[in-house]
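**Student:** The sequence shown begins at 722 in our numbering and counts up by one.
In this text, a Cβ means the ideal position worked out from N, Cα and C, and glycines have one as well.
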Amino acid sequence: MSEVSQEMARRIEKGTEWVRREIPFFRDSFASVDSEWKVDRSRVTEADHGISDRILAGIEESFPDDDGCSEESGQDGKRELKARFSWVLDPVDGTNNFAIGLPNCAISLALLENGFPVYGWVYDYAGNRLIHGGAGRGLFEEDRPLKPRPPEAGGHTPIGLQFPIPEAEVERLTPLMNRERVRSLGSGTMEGVYVALGFLEGAIDYRVKVWDIAAFMAFFPETQTVCRFLGESPFPLRSFDPEMEATPYMAGTEEFFRRMESIISFR
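What follows is the structure in structure tokens.
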């Protein structure tokens with residue numbers, strides 16, 4: 722194994738270890754921890770802070786030259802990313818669901834190389850499973866190879882659409898909402914994972930930020946999922962700010978994109 726392959730293998734091993742170690746705490750904390758509201762009107766819990774602190778500490782201990790980033794880093798987390806490897810963590814995605822007891826929530830961790838997602842880990846609370854993988858390295862549920870659900874012809878597979886939608890986009894998306902089977906999960910991470918796994922034919926999301934999407938973006942090349950950002954792509958990620966702007970995107974099957982072009986048009 723080359724030195725480069727060894728470096729990647731060590732990081733995959735440690736990332737898997739770190740996320741697995743947090744699963745019992747995540748499950749024990751579900752619907753049972755105190756929370757508060759941040760300035761951006763998103764919820765944060767004690768579990769967010771605990772998971773974030775421990776995983777960032779693991780990165781610092783094992784790979785001190787890597788950049789470790791978390792949604793819950795606060796102002797201390799604002800930084801330029803200069804290392805070859807960086808990590809992007811959302812310790813509790815779908816925090817509002819997590820706090821009130823709705824099961825669509827997750828731990829999301831991504832490994833980036835030169836600013837691009839190369840491996841992702843998502844602990845899916847509802848399915849009680851760790852999904853992980855990356856381009857050329859396969860996709861796994863725990864230690865078992867995971868194959869996406871085959872596409873269903875005829876547009877019968879639901880589409881993910883997160884609310885609220887920007888006011889300027891509501892009129893344009895109304896034909897979509899009138900014609901399609903739309904689901905809003907309350908977890909940007911799980912929405913993207915379900916697209917990768919074929920449980921959603923596609924998704925359109927204006928609200929997600931880079932920590933919501935980085936892990937499943939590493940899945941998309943492996944599952945041949947088409948992705949298009951509706952603004953500037955955040956990748957390669959060269960800087961991190963816990964108060965950074967959203968990164969709207971759409972993703973899905975090729976058939977999904979063909980159907981969307983017939984229903985709506987994107988700038």
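Applying the criterion that 16 or more other CB atoms from any shown protein chain within 10 Å of the CB defines a buried residue, is H877 buried or exposed?
**Tutor:** Per the 10 Å Cβ criterion, exposed.
**Student:** Among A820, R949, D864 and C826, which has the Cα closest to the Cα of V914?
**Tutor:** Comparing Cα-Cα distances from V914 to each of A820, R949, D864 and C826, the minimum goes to C826.
**Student:** Restricting to Cα atoms, I'd like to know which of G815, E781 and P785 is closest to P929.
**Tutor:** Here residue 929 turns out to be Val, not Pro, going by the sequence shown. Ranking G815, E781 and P785 by Cα distance to V929 puts G815 first.
**Student:** Residues in the same chain with beta-carbon distance under 8 Å from Y927, minus the five sequence neighbours each way, listed in chain order, please.
**Tutor:** Closer than 8 Å at Cβ, skipping near neighbours: Q883, I886, P887, E890, L951, A967 and P969.
**Student:** At what residues does the beta strand (DSSP E) containing D788 begin and finish?
**Tutor:** Looking at the DSSP string, the run of the beta strand (DSSP E) that includes D788 is D788 to S791.
**Student:** Taking only three categories from DSSP, how would you classify I852?
**Tutor:** I852 falls in the strand class under three-state DSSP.
**Student:** To which residues of the same chain is Y840 closer than 6 Å at the C-beta, ignoring the five residues directly before and after it?
**Tutor:** I733, L832, G855 and A939, listed in sequence order.
**Student:** Quick check for students: name the residue ranges of the beta strand (DSSP E) that lie wholly in the segment 887-971, counting only runs of 3 or more.
**Tutor:** The segment 887-971 contains these whole beta strand (DSSP E) runs: 923-926 and 947-950.
**Student:** Where D864 and K803 are concerned, what is the direct C-alpha to C-alpha distance, given to the nearest angstrom?
**Tutor:** In a straight line, the C-alpha of D864 is about 32 Å away from that of K803.
**Student:** With DSSP as the reference, label V809 as helix, strand or coil.
**Tutor:** Residue state, collapsed to three classes: strand.
**Student:** Looking at the secondary structure, which residues open and close the alpha helix (DSSP H) in which L867 lies?
**Tutor:** Taken as a continuous stretch (DSSP letters only), L867 belongs to no alpha helix (DSSP H), as it is neither H nor E.
**Student:** Which of the three DSSP states, helix, strand or coil, is assigned to T737?
**Tutor:** Three-state DSSP puts T737 in a helix.
**Student:** If V813 and T737 are in contact, beta carbons under 8 Å, what's the gap, nearest whole angstrom?
**Tutor:** Their Cβ separation, rounded to whole angstroms, is 19 Å, which puts V813 and T737 out of contact at 8 Å.
**Student:** Taking the continuous beta strand (DSSP E) assigned at F837, which residues delimit it?
**Tutor:** Where F837 is concerned, the enclosing beta strand (DSSP E) stretches over F837 to D845.
**Student:** How is G822 classed by DSSP in three states: helix, strand or coil?
**Tutor:** In this structure, G822 counts as coil in the three-state DSSP scheme.
**Student:** In three-state terms, what does DSSP make of R742?
**Tutor:** Here R742 sits in helix by DSSP.
**Student:** Does E982 pass the burial test, meaning 16 or more other C-beta atoms within 10 Å, or should it be called exposed?
**Tutor:** Exposed, since its Cβ has fewer than 16 Cβ neighbours within 10 Å.
**Student:** If you draw a straight line from the C-alpha of V760 to the C-alpha of E862, how long is it?
**Tutor:** Summary for V760: the model assigns pLDDT 49, below 50, so the residue's position carries little reliability, and this model does not support an answer.
**Student:** Just the Cα atoms here: how many angstroms apart are R742 and R893?
**Tutor:** Cα to Cα, the separation comes out at about 44 Å.
**Student:** Report yes if the C-beta distance between I821 and A752 is below 8 Å; otherwise report no.
**Tutor:** Their beta carbons are under 8 Å apart, which means I821 touches A752 by this criterion.
**Student:** Drop a sphere of 10 angstroms on the beta-carbon of D797, count the other beta-carbons inside from all chains shown, and report buried for 16 or more, exposed for fewer.
**Tutor:** Burial call: exposed.
**Student:** Can the beta-carbon of A936 be found less than 8 Å from the beta-carbon of W808?
**Tutor:** Cβ distance not < 8 Å, so A936 and W808 don't count as in contact.
**Student:** In the DSSP assignment, the beta strand (DSSP E) including S829 goes from what residue to what residue?
**Tutor:** Note, S829: beta strand (DSSP E), A827 to E834.
**Student:** Please classify A917 as buried or exposed, where buried requires at least 16 other C-beta atoms within 10 Å of its C-beta.
**Tutor:** Its Cβ being crowded by 16 or more others within 10 Å, A917 is buried.
**Student:** So, helix, strand or coil for V760, using DSSP?
**Tutor:** Confidence is the limiting factor: at V760 the pLDDT is only 49, short of 50, which leaves the residue's position unreliable and the question unanswerable from this model.
**Student:** Using a Cβ-Cβ cut-off of 6 Å (strictly less than) and excluding sequence neighbours within five positions of R904, which residues of its own chain qualify?
**Tutor:** These residues qualify, in order along the chain: P879 and G881.
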